[in-house]
Amino acid sequence: MVIYLDTSAFLKLYIREKESETVQHMLAAQREPVPIADVLQLEFVNSLRLKVFWGELDAPTVTHLLSLFDDRVYRGQYHIATIERIRLLSDFRTLSLHTQSIGCRSLDILHVACALQLNVDTFITFDDRQRELASREGLRVT
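Numbering (the working numbering), first residue to last: -16 to 125.
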């Protein structure tokens, strides 16, 4: 079973939040490394930096969390996924048609496009619009 986490879910592996245990429990069932698309990695880094701006974390904590991330990549817990750019752009255009009815944001669409390209079994998100988009595209959403 391969699980794709969007940033709202992935952050819960690093920041203690209400649903953190749920995400960890879901990942415990996965034997394969967690796929990390570029969009997830970029949004994760910036989300941590935003938490410094908002006063929720300090810079040394963010540095530590990013080191943990790098260590997990190195140990093989995460797999930096190869995403075909031409297909991603094509899929994005098609998926963006849902924006008219759901109100999708660009990064939400990119995450769903990456998950579809990676043929994941489950898509984990805590974003309602993204959940709806992924569901409409046939992904099993948690």
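We put the beta carbon where it would ideally sit given N, CA and C, even for glycine.
With 16 or more neighbouring CB atoms inside 10 Å of its own CB, Asp91 falls in the buried class. Inter-residue distance for Leu(-12) and Asp41 is about 25 Å (C-alpha atoms, whole angstroms). Beta-bridge partners assigned by DSSP to Thr105: Ile(-14), Arg123.
Taking a cut-off of 8 Å for Cβ pairs, the stretch 97 to 112 and the stretch 10 to 27 touch, as three or more such pairs fall below it. In the structure shown, Pro16 falls within a coil segment according to DSSP collapsed to helix, strand and coil. Ranked by Cα distance from Leu(-6), the options Ala11, Lys34, Gly86 are led by Lys34. Rounded to whole angstroms, Gly121 and Asn102 show a C-alpha spacing of 11 Å. When C-beta atoms of the stretch 109 to 120 are compared with those of the stretch 75 to 82, three or more pairs fall below 8 Å, so the two segments count as touching. In this structure, the beta-carbon distance from Ile(-14) to Thr105 falls below 7 Å. Contact annotation, Pro16 with His62: C-beta distance approximately 4 Å; criterion of less than 8 Å satisfied. Between the alpha carbons of Thr125 and Thr108 lies a distance of about 7 Å. Secondary structure note for His47: its alpha helix (DSSP H) is the uninterrupted segment 42 to 58.
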